[in-house]
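Numbering (the working numbering), first residue to last: 1373 to 1509.
For each residue, glycine too, the CB sits at the ideal point set by N, CA and C.
As the structure is a prediction and not an experimental result, all values here were calculated from the model.
Notes follow once the structure below has been shown.
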């Protein structure tokens, strides 16, 4: 697993009032898309669903195809965002990613694929984005 240094987005962050968990999740996914784009990656899909589940983001990053799980938390009081990603979730995500790749052939073919995780923590005065590469596959 490769780690990236946390990205502090304080200058672009506008604190928001508490919201429902699903709203916070969607809000975090939007910020994760912006994060990926800031790296020069292309977001191919957001909230892709099939009968087996959902992939938060599918991204093309320097020729690699990435399924990205996004977890957003208001704080670390209930644990870090990454602590919510279980081995079962990674197994499900791997299966979903295979389905996505079969349903969406790309040309030219990506050189490889991987599963990453983006964790977003919303603090009272800032937002912190952390990125773990190759958490699965």
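Identify every residue that forms a DSSP beta bridge with residue i.
i            : result
residue 1490 : 1442, 1503
residue 1508 : 1487
Spatial neighbours of residue i within its chain, please: CB distance less than 8 Å, with the 5 preceding and 5 following residues excluded, ordered by chain position.
i            : result
residue 1424 : 1464, 1467, 1468, 1471
residue 1373 : Confidence in residue 1373 is poor, its pLDDT being 48 and thus under 50, which makes the residue's placement unreliable; the coordinate value appears in the next sentence. For residue 1373, where only same-chain residues beyond five positions count, the Cβ hits under 8 Å are 1504, 1505, 1506, 1507.
Among the options, which residue has its Cα nearest to the Cα of residue i?
i            : options                : result
residue 1398 : 1441, 1433, 1485       : 1441
residue 1439 : 1482, 1395, 1410, 1455 : 1482
residue 1401 : 1412, 1426, 1422       : 1426
residue 1507 : 1431, 1459, 1415, 1410 : 1459
Comparing the C-beta of residue i with each C-beta of chain B, is any distance below 7 Å?
i            : result
residue 1499 : Protein chains in the displayed structure number just one, and chain B is not present.
Tell me which same chain residues have a C-beta within less than 7 Å of the C-beta of residue i, skipping the five on either side of it?
i            : result
residue 1484 : 1436
residue 1420 : 1426, 1427, 1430, 1472
Does the pairing of the region 1435-1454 with the region 1490-1508 give three or more beta-carbon distances under 8 Å?
Counting Cβ pairs under 8 Å, three or more are found: they touch.
Could you tell me which whole alpha helix (DSSP H) segments of length 4 or greater appear in the region 1391-1470?
Correct list: 1393-1410.
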